[in-house]
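Heads up, the thing below is written out as structure tokens.
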Amino acid sequence: MRSKDEIIKNIKVGLGKEDCDLVLNNVKLINVYSKEILETNIYINNKRIVSIDPNTNLHARKEIDCKKMYAYPGLIDSHMHFESTMLSPEALANLIVPFGVTSIFSDMMEIANVAGEKGIEEMLISSKNLPYHMFVEVSSCVPAAPGLETTGDIIDVGSMDRLMQKNESLSMGEIDPAKILSINEDYIQMISNTIKRRKIVNGHAIGRLDHDLNIYASAGILDDHECVTKEEMIQRLRVGMSVFIREGSSERNLDTMIRAILNHNLPIENFMFCTDDKHVDDTLEEGHINYNVKRSIELGMDMIDAIKIASVNAAKHFRIEDEIGSISPGRLADIVISKDLSQKYPDMVFYEGDLVAENGKMLRKIEKREYPAWIKDTVKLLNPIDFKSFSIKSNRENKTMVRVIDLIKDQIINNILIQELDVKKGEIQNNLARDIIKIAVIERYGKNGNIGLGFVHGMGLKKGALAYSMSHDNHNIVVVGENDYDMAKAVNHIEKINGGIAISLDGEIIGEMKLPIGGLMSEKGVEEVESEISALNKIAKDLGCDLKSPFMTLSFIALPVVPKLGLTDLGLVDVLAYKIIDLEV
């Protein structure tokens with residue numbers, strides 16, 4: 001927002017009546033509007049760009065010679081659940097800003113499912129005075145599957161309306177199609193209120209095509225980040241929805257989407273990049289939104305088009321292109337300087353005209369915040385957990401047919417397997433030879449003590465158990481294991497450490513990671529979190545789990561709004577039918 005005095009001040013600077021704060025000399029400016037590369041200088045004053053005219057010669061209090069490096073807009077993540085990084089908002093700055101990311105659109109459904117409106121408010125306090133913009137997609141999936149799961153809190157019509165009044169709130173977060181197709185009036189009221197404010201509604205149309213997709217879009221849904229096939233992408237464009245191209249830790253859709261854009265010569269104006277959910281270790285290894293840009297160029301996309309998808313397209317979509325998304329007069333001076341877009345880290349990152357990162361290192365010191373006690377006390381098991389908690393009973397003799405969650409590599413969607421499993425002493429057994437093991441979701445808010453039980457195929461785990469207090473989107477405790485004793489040990493340890501990850505083998509905890517902030521986020525910094533998750537990944541691999549991101553995968557296995565099967569504390573969920581179903585066939 002700009003005051004009258006600020007506007008006048010920058011006009012005076014432009015007229016040469018006053019000095020500007022900074023000039024970036026000798027840049028090759030990637031112009032996302034004219035689609036050209038201009039050799040020029042960038043004049044900056046009071047956080048904003050004053051001029052990019054190559055013939056202008058204003059006096060500046062500070063000059064930086066950019067030596068004909070590229071200058072492009074600060075990158076934008078159009079849809080991100082930052083809690084999935086396991087970092088607090090403060091620590092997140094040290095992760096993403098050195099990669100050139102200066103804006104994120106955050107759907108805080110993770111902390112909201114744990115702590116509701118109060119949890120979102122707490123994260124907004126943390127996001128103040130950080131060197132990136134945190135815009136809010138106000139979470140509608142709290143709960144994600146009403147009636148099918150237990151959550152720590154809810155976001156209702158009143159909560160949504162209060163949160164939407166905040167300047168940071170630019171959209172209503174992703175809404176599940178079942179709520180539209182079933183005419184859930186509370187959620188439709190939320191949509192109506194959002195549109196009346198001239199804010200947008202984000203989508204989550206996974207698996208929906210044809211007439212269902214048309215009905216969904218007709219409710220006012222403007223985008224989707226769940227495209228995994230070319231056909232899904234094209235159908236969304238046909239109904240006027242924008243597509244957020246996702247590349248996360250366990251949701252890798254970028255190559256498919258970019259190839260489809262290039263093969264079909266599609267206009268790029270309605271595409272944006274997002275990570276959705278990406279762990280620290282994957283980000284440090286690959287990059288963030290800058291990786292999406294680099295990879296798109298490698299696949300054959302025009303460089304300026306890739307930058308547009310990573311910047312101005314999102315600014316236009318969320319109706320804030322007057323503030324961010326381009327290197328243009330009047331915009332905030334969020335600028336990335338780089339010799340080559342293929343390099344892992346850009347040379348310099350400017351946020352609102354300040355140099356905040358250089359060659360992969362943060363220059364601005366980020367103060368660590370002390371979080372209140374209540375947000376670090378969210379894991380409360382109602383009943384003691386022991387090996388008997390994971391007994392899956394059957395009245396059938398010797399063998400039974402069961403529905404199994406079948407994992408798909410690098411995706412969060414799954415298939416349904418119908419498998420025959422042994423029954424011994426009235427209990428259904430794992431089958432390690434076929435990579436079928438138990439999975440359980442344990443209610444962790446002290447409300448009812450529910451435990452949902454099932455089987456999963458594709459984890460690769462041969463011994464021990466893995467447990468995690470982030471299980472999308474209800475964030476109860478999810479555990480998989482080769483035996484019931486280790487499953488119980490791991491779950492109880494999660495409560496002991498107030499949330500996080502636990503690995504058990506032979507009745508002993510052999511790996512842990514404390515995530516006390518809502519049971520989702522660490523109080524530690526980037527390097528420590530990366531070291532801890534890498535160590536846990538190695539332990540999981542030693543136990544037979546060969547997934548690239550085992551704990552990101554674990555956090556999504558049970559999700560009850562992503563086809564085809566989910567698992568909640570209430571039981572096995574048929575996602576498209578939106579109901580609890582029997583484990584046995």
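Read in order, the letters of the sequence shown correspond to residues 1 to 585 in full-length UniProt numbering.
For each residue, glycine too, the CB sits at the ideal point set by N, CA and C.
Beta-carbon proximity of residue i to residue j, cut-off 9 Å
i      : j      : result
SER296 : ASP305 : yes
MET272 : ASP223 : yes
GLY547 : SER250 : According to the sequence provided, residue 547 is Leu. The question's Gly does not apply to it. Yes; because the gap between Cβ atoms is below 9 Å, this pair is in contact.
MET362 : VAL97  : yes
TYR485 : PHE556 : no
LEU170 : ILE320 : yes
SER326 : SER311 : yes
MET241 : GLY203 : yes
LEU417 : ASP410 : no
ILE221 : ILE180 : yes
Cutoff 8 Å; reference residue i; Cβ partners in own chain excluding five residues on either side
i      : result
ALA577 : none
ILE509 : LYS489, ALA490, HIS493, ALA502, ILE503
VAL101 : GLY74, LEU75, ILE76, ASP77, TYR132, HIS288, ILE289, ASN290
ASN25  : ASN41, GLU63, ILE64, ASP65, CYS66
CYS20  : VAL13, TYR43, ILE44, ASN45, VAL50, LEU58, HIS59, ALA60, ARG61
ALA377 : The identity of residue 377 in the sequence shown is Asp, whereas the question assumes Ala. The answer, listed in chain order, is ASN498.
VAL423 : SER394, ARG396, GLU397, ASN398, LYS399, THR400, GLN429
Contacting residues, own chain, Cβ-Cβ under 6 Å from residue i (five flanking each side not counted)
i      : result
VAL23  : ASN41, TYR43, ALA60, GLU63
TYR371 : ILE517
ARG246 : HIS225, ASN253, CYS274, ASP276
GLU420 : LYS399, MET401
THR194 : MET172, VAL201
ILE125 : none
ASP574 : ILE581
CYS141 : MET109, ASP473
GLU495 : VAL379, LEU381
Among the options, the one whose alpha carbon lies nearest that of residue i
i      : options                        : result
ILE11  : VAL50, LEU38, GLU39, VAL32     : VAL50
GLY147 : GLU443, GLU584, ASP65, LYS579  : LYS579
ARG48  : ALA205, GLU323, LYS496         : GLU323
SER471 : VAL441, ILE96, LYS496          : VAL441
GLU397 : GLY426, VAL404, VAL379, TRP374 : GLY426
GLU137 : ASP5, PRO563, MET109, ASN415   : MET109
ASN129 : ILE154, ASP107, LYS118, ALA91  : ALA91
GLY119 : GLU168, ASP153, ILE183         : ASP153
ILE451 : ILE375, LEU572, GLU530         : LEU572
ILE439 : ASN430, PHE455, ALA433, GLY449 : PHE455
LYS462 : ASN476, VAL423, LEU505, LYS447 : LEU505
SER218 : PHE318, PRO177, LYS230, THR229 : PRO177
With 16 other Cβ atoms within 10 Å as the buried cut-off, status of residue i
i           : result
SER394      : buried
GLU174      : buried
GLY158      : exposed
LEU209      : exposed
PHE82       : buried
residue 586 : No statement about residue 586 is possible, as the shown extent of the chain runs from 1 to 585 and does not include it.
ILE408      : exposed
LEU332      : buried
ASN263      : exposed
ALA373      : exposed
ASN359      : exposed
LYS294      : buried
GLU285      : exposed
TYR445      : buried
Chain-order list of residues whose beta-carbon lies under 7 Å from that of residue i (same chain, five-residue window excluded)
i      : result
CYS227 : MET233, ARG236, VAL243, ASN253, MET257
GLU6   : ASN46
MET123 : PRO89, MET108, ILE111
Rounded straight-line distance, which links the Cα of residue j to that of residue i
i      : j      : result
ALA558 : GLN343 : 37 Å
LEU299 : ASN292 : 11 Å
VAL27  : VAL561 : 47 Å
PRO54  : ILE37  : 12 Å
ALA314 : LEU95  : 21 Å
ALA93  : ASN290 : 15 Å
LYS4   : GLU352 : 19 Å
GLY116 : ILE155 : 6 Å
LEU554 : HIS211 : 33 Å
PRO89  : GLN429 : 43 Å
ASP582 : ILE392 : 12 Å
ARG364 : GLY525 : 15 Å
SER127 : GLU530 : 21 Å
ASP435 : THR229 : 27 Å
ASP334 : GLU367 : 21 Å
LYS196 : MET459 : 46 Å
LYS564 : LYS68  : 51 Å
VAL404 : ALA465 : 18 Å
LEU355 : TYR72  : 14 Å
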